[in-house]
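S.K.: Here the working numbering is used: the sequence shown runs in plain steps of one and ends on residue 338.
Glycine included, each C-beta is placed from N, C-alpha and C at the ideal position.
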Amino acid sequence: MIRFAVLGHGFIGSVHAATLQKLSGAELVGIVEQDRNKWHSVTDGNIKIDTAKAYDAPFFESIPALLAEKKADCISICLPTHLHRDYTVEAMAAGLHVVCEKPMALSLDDCDSMIQAARKFKRQLFIAQCIRFWPEYVLLREMMGKKVLGDLISIKFHRLSGMPSWGGEQSWFLKPDQSGGCLFDLHVHDVDFIQHLLGLPRAVFSCGTAFPNGVNTSVITQYLFSEGYSCLAEASWRYFSGFKMSYSAVFSDGQLEYDSGVQPTLRLWRKGNIDSEFLEVPATDGYTEEYRYFIDCLENHQTPTRMMAESARASIQMTIAELKSIKSGAQVYLP
Numbered sequence: 004m005i006r007f008a009v010l011g012h013g014f015i016g017s018v019h020a021a022t023l024q025k026l027s028g029a030e031l032v033g034i035v036e037q038d039r040n041k042w043h044s045v046t047d048g049n050i051k052i053d054t055a056k057a058y059d060a061p062f063f064e065s066i067p068a069l070l071a072e073k074k075a076d077c078i079s080i081c082l083p084t085h086l087h088r089d090y091t092v093e094a095m096a097a098g099l100h101v102v103c104e105k106p107m108a109l110s111l112d113d114c115d116s117m118i119q120a121a122r123k124f125k126r127q128l129f130i131a132q133c134i135r136f137w138p139e140y141v142l143l144r145e146m147m148g149k150k151v152l153g154d155l156i157s158i159k160f161h162r163l164s165g166m167p168s169w170g171g172e173q174s175w176f177l178k179p180d181q182s183g184g185c186l187f188d189l190h191v192h193d194v195d196f197i198q199h200l201l202g203l204p205r206a207v208f209s210c211g212t213a214f215p216n217g218v219n220t221s222v223i224t225q226y227l228f229s230e231g232y233s234c235l236a237e238a239s240w241r242y243f244s245g246f247k248m249s250y251s252a253v254f255s256d257g258q259l260e261y262d263s264g265v266q267p268t269l270r271l272w273r274k275g276n277i278d279s280e281f282l283e284v285p286a287t288d289g290y291t292e293e294y295r296y297f298i299d300c301l302e303n304h305q306t307p308t309r310m311m312a313e314s315a316r317a318s319i320q321m322t323i324a325e326l327k328s329i330k331s332g333a334q335v336y337l338p
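1. Give the secondary structure of Ser-263 by DSSP, where H, G and I count as helix, E and B as strand, and everything else as coil.
2. What is the C-beta distance between Leu-200 and Arg-270, in whole angstroms, given that I count them as a contact (C-beta under 8 Å)?
3. Give, in chain order, every unbroken run of the beta strand (DSSP E) that is at least 3 residues long and sits entirely within the region 67-106.
4. Of all the options Gln-127, Ser-239, His-190, which has the alpha carbon lying nearest to the alpha carbon of Ile-134?
5. In the DSSP output, which residue or residues are listed as bridge partners for Cys-234?
6. Can you tell me which of the three DSSP states Ile-5 falls into?
7. Which same chain residues end up closer than 7 Å to Phe-297 when comparing Cβ atoms and leaving out the 5 residues on each side of it in sequence?
8. When we look at the beta-carbon of Pro-338 and count the other beta-carbons within 10 Å, is it buried (16 or more) or exposed?
9. In the DSSP assignment, the beta strand (DSSP E) including Phe-281 goes from what residue to what residue?
10. DSSP on Tyr-242, reduced to helix/strand/coil?
11. Just reading off the beta strand (DSSP E) that Arg-273 is part of, what are its end residues?
12. Have a look at the DSSP bridge pairing and note the partners of Gly-257.
13. Which value, in whole angstroms, describes the spacing of the CA atoms of Gly-275 and Cys-81?
14. Rounding to the nearest angstrom, what Cα-Cα distance links Asp-112 and Asp-38 in this structure?
15. Within 10 angstroms of its Cβ, does Cys-300 collect 16 or more other Cβ (buried), or is it exposed?
16. Determine the closest residue to Leu-69 out of Val-9, Arg-273, Leu-142, Gln-24, with distance taken between C-alpha atoms.
17. Assuming Val-151 contacts Cys-185 under a Cβ cut-off of 8 Å, what Cβ separation, rounded to an integer in Å, is found between them?
18. With which residues is Val-35 paired in a DSSP beta bridge?
19. Which class does Thr-308 belong to by DSSP, given the choice of helix, strand or coil?
20. Using the Cβ count rule (16 or more neighbours within 10 Å means buried), how would you classify Tyr-294?
21. Would you grab the beta carbon distance between Leu-109 and Tyr-232 for me? Rounded to a whole angstrom, and I think it's under 8 Å.
22. Do the CB positions of Lys-159 and Ala-236 come within less than 9 Å of each other?
23. Is it true that the region 255-262 meets the region 90-102, where meeting means three or more beta-carbon pairs spaced less than 8 Å apart?
24. By how many angstroms is the C-alpha of Pro-138 removed from the C-alpha of Tyr-90?
25. Would you kindly check if the distance between the Cβ of Ile-118 and the Cβ of Arg-241 is under 9 Å?
26. Measure from the alpha carbon of Ser-351 to the alpha carbon of each residue in Ile-5, Asp-193, Ile-15, then state which is nearest.
27. Please classify Ala-148: does DSSP put it in a helix, a strand, or coil?
28. Round the Cβ separation of Phe-228 and Pro-204 to the nearest angstrom and send it over; I've been treating them as touching at under 8 Å.
29. Going by CA-CA distance only, name the one from Arg-162, Ile-323, Val-335, Gln-320 that's closest to Ala-238.
30. Assuming Ala-60 and Ile-78 are in contact, meaning their beta carbons sit under 8 Å apart, how far apart are those beta carbons, in whole angstroms?
31. By alpha-carbon positions, which one of Lys-123, Asn-40, Gly-11, Lys-74 ends up nearest to His-87?
32. My output table needs one value for Val-207: the three-state DSSP class, helix, strand or coil.
33. Give me the Cα-Cα distance between Ser-279 and Arg-273, rounded to the nearest whole angstrom.
34. Could you check which residue in Gln-198, Val-18, Leu-177, Gln-225 has the C-alpha nearest to that of Gly-217?
35. Determine the direct distance from the alpha carbon of Asp-195 to that of Phe-187, and round the result to whole angstroms.
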């Protein structure tokens, strides 16, 4: 049994807490939230998760206050992105493993500080890039790895949402130096999965929109790979029809499409057949599966190779390159 605490009780913090409470290998020992007004409040977001059980756990105002009363093995950091580095280092110095909500950070220097802290204090650092564990995306990667549909020709990803209203009108989401905007907060899901699936591209070419204060609100990126296949991803905070994520992958011998907004969500076409097949995946979600994986790694003293912090850093490197491309209007090469 791994004893977890959650740091931060906004929307995503309540998702983490609720997820932990339903897992047999985890014990939620407490939630750390300095704002007492949030202790028993409900914050809705763009993914519908039952968070009712999260409030069975005791609340504390700080990590030291938690550790004075409870024993914990790991803490899940669910704070605004610009705070990830400092609290990761603090938690590891206190002897805790860390699950850090995506994105890892807004700069490579912050990513490096977090990785160095994990090495210094001999703690595990797991970045919660849940799409790597989302069933429909896991299936895509497995089918591609086994060449079930032949060689990849082109792939497109879409992630569309309204503005993250759960942060309020003065939300940190709307401050580019705190959230990184849509590019870092929403689009990073697909950036990370592309890197997980295909590796680092040799270059990116991006365009996007922003509010007058500079916070990014939408992005479309073409990823250039030496292998020659086409890869594109779009994300937006200016979507009026709720939230949806999707992909379309075309291979030499077929096509696989996923759309979270329709049922069934997965369709497969095979070469020579215009009729599609509907595919089923396990009835679970990426939040649950990433925790199951990390708990297993901790219990068995194994390195979380499916989600190394160094790999999450590479995704931030890609995202920074996209921001540079948006600002310059030019293609940006990755080292």
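M.R.: Taking the coordinates as given:
1. coil
2. That belief does not hold up - the Cβ atoms of Leu-200 and Arg-270 are roughly 19 Å apart, past 8 Å.
3. 77-80, 100-104
4. His-190
5. Ile-158, Tyr-226
6. strand
7. Val-102, Phe-129, Pro-307
8. exposed
9. 280-282
10. coil
11. 269-273
12. Phe-254, Arg-273
13. 48 Å
14. 29 Å
15. buried
16. Val-9
17. Going by Cβ atoms, the distance from Val-151 to Cys-185 rounds to 33 Å, so no, they are not a contact pair.
18. Leu-10, Phe-63
19. helix
20. buried
21. At roughly 30 Å, the Cβ-Cβ gap does not stay under 8 Å, so Leu-109 and Tyr-232 are not in contact.
22. yes
23. no
24. 30 Å
25. no
26. The structure shown does not extend to residue 351, since the chain spans only 4 to 338, so no value can be given for it.
27. At residue 148 the sequence reads Gly, which differs from the Ala that was named. Correct three-state label for Gly-148: helix.
28. 5 Å
29. Arg-162
30. Going by Cβ atoms, the distance from Ala-60 to Ile-78 rounds to 13 Å, so no, they are not a contact pair.
31. Gly-11
32. strand
33. 8 Å
34. Leu-177
35. 10 Å
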